[in-house]
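Written out below as structure tokens is the structure these notes cover.
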Amino acid sequence: MSTETIFLKDINGQKQTQLFAFVIAAIISFVFSILLSATYFSRSADGCKVILDGAINPNTAEASSLVRLANIGPRRAEAIVKYRETVDSEGPAFRRIADMENIRGIGPRTAEKLRPWLCFE
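In this note's numbering, each number is its position in the sequence shown, counted from 1, plus 11.
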């Protein structure tokens, strides 16, 4: 065997080692990115859950508090605030859960879902 053949074998062996290291690094990177993305997406789903400390009074709560309730988005929260400001009555605009049905988009089923989270004082 000549010196040139030994040198070429060393280069081929070095290239194979580099290729092997590259493939292993690519596989590890791929697995790591999958695990990282799975963690991110599972955490974002749990992060959407809102825990309320207690009941909210729709007669005094701000829209930013009302929006934390199930099925109450920003528009409905603003509608609740606007409704209670425009109701001309002696006393609170909302006296019982059925009064929530006066808000457009809140029907009997939505009102019942809100019952545990609302207080009327």
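Even for Gly, the Cβ is constructed at its ideal location relative to N, Cα and C. Computed from a predicted model, the values in this text were never measured in an experiment.
Out of the options, which one is the CA nearest neighbour of residue i?
i	options	result
V92	I117, T71, R106, G24	T71
E73	I38, E89, G84, N82	E89
F159	G65, P119, Q29	Here the chain comprises residues numbered 12 to 132, so residue 159 is not present and cannot be evaluated.
Would you kindly work out how many angstroms separate the C-alpha atoms of residue i and residue j, rounded to a whole number?
i	j	result
F43	L129	45 Å
S40	V34	10 Å
A109	I117	10 Å
S48	R106	47 Å
I83	M111	11 Å
A122	L77	13 Å
F31	K124	59 Å
V120	T97	Reading off the sequence shown, one finds Arg at residue 120, where the question assumed Val. Going by the C-alpha atoms only, they are around 25 Å apart.
P103	R95	8 Å
N23	A36	20 Å
I38	Q27	16 Å
P69	E101	16 Å
Q29	S75	57 Å
Below 8 Å on the Cβ atoms is my contact criterion, and I expect residue i with residue j to pass it. Report the Cβ-Cβ distance as a whole number of Å.
i	j	result
I67	L80	7 Å
Checking 8 Å against the spacing of the C-beta atoms, do residue i and residue j come in under that value?
i	j	result
R87	I114	yes
What ranges does the alpha helix (DSSP H) occupy inside the stretch 83-113, keeping only unbroken runs of at least 4 residues that lie completely in it? Runs found: 85-97.
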